[in-house]
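First residue of the sequence shown: 235, per our numbering; consecutive thereafter.
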Amino acid sequence: METGPKLDHSEAALERNSLLRALSAEDYAKVMEHAITVPLRPRQDLVEPGEAMRYAWFPQRGMLSLVNDMKDGKTSIEVGVIGREGIAGLALFHGRETQPMRILVQVAGEAKRIPADAFKALIRQTPTLRDVLHRYTLALLNQAGQQVACNRLHSLEQRCAKWLLTTHDHMDAQELPLTQEFLAIMLGVRRPGVTVAAQALQDAGLISYRRGRITITDRHGLEQIACECYGRIREDYEHLLGDVMIPPSTASEGRPLQVA
Ligand SMILES: [Zn+2]
């Protein structure tokens, strides 16, 4: 559904979130009345499982992880990622205050943040926001479906490569503080497994790994090793949101990803 003129060139150039760029100029102005820009700090929990959401977040830079925590309190796995093509707080769009998954900041950045009550009112008032959130919901569902298949069918080495590529796509900063232990949580495996996978990628000349810092030395090679899921998830987002998608960060092109 399209209503009203699109954002003019200057507004669209400044807005870095794909969903907000999809809004008509009129709807965008309404949304911006309630939005403030806030930093996204590494490991910050934006949404806690089962707790009422206070805000909706539209990332401008950085990356969020959708994490499923098991009841044992020790086991978690990443089940999806949200970058500037998305929103944290989608449950509010569907009339719910809570969701079972944690959303935490994986790569630091900024987000436009809107209080939950204002966001719910905006959904009623802004048809272009409703339209793009319907499309985004489908993209996120498809991503989750792909992730289920990936976690069961693809090797740790392939998944590790996919994860590094996805993170690289969302990075503006040159360095990302990350321990092997954290990478193991994201991939839902034990730490020794991550060490073996990282070693295999290093032996293949795709990354260098030293003292807990990973540098991508051959991105193209990493794309060859990664499972099909990396490409399929990206293609699906482009299919559903293609007219509003912003290409992956150009700030990180041509320089290595360093994971400390
Ligand atoms: Zn896969």
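In this text, a Cβ means the ideal position worked out from N, Cα and C, and glycines have one as well. Bear in mind that the values here come from a model prediction, so they are computed numbers and not experimental data.
(request) Check whether the Cβ of Q340 lies closer than 8 Å to any Cβ atom in chain B. (result) Looking at the structure shown, chain B is missing, and only one protein chain is on hand.
(request) Kindly indicate the opening and closing residues of the alpha helix (DSSP H) around M420. (result) 414–421
(message) Does D403 come out as helix, strand or coil in the three-state DSSP assignment?
(response) helix
(request) Determine the contact status of I459 and T449, defining contact as a CB-CB distance below 8 Å. (result) no
(request) Evaluate contact between the region 426–443 and the region 344–360, counting only Cβ atoms and requiring at least three cross-stretch pairs below 8 Å. (result) no
(message) So for A350, helix, strand or coil by DSSP?
(response) helix
(request) Going by DSSP, name the residue or residues bridged to S442. (result) T449
(request) Indicate whether A290 and I348 have their beta-carbon atoms separated by less than 8 Å. (result) yes
(message) One question on the structure: do W397 and L421 come within less than 8 Å of each other, judged by their Cβ atoms?
(response) yes
(request) List the DSSP bridge partners of N503. (result) There is simply no residue 503 to check, as the chain begins at 235 and stops at 494 in what is shown.
(request) Return yes when at least one heavy atom of ligand 1 lies under 7 Å from the C-beta of R468, else no. (result) no
(message) Could you check whether Y370 and L300 sit closer than 8 Å to each other, using their CB atoms as the reference points?
(response) no
(message) Which residues neighbour ligand 1 when neighbourhood means a C-beta less than 5 Å away from any of its non-hydrogen atoms? List them by chain order.
(response) C384, H388, C461, C463
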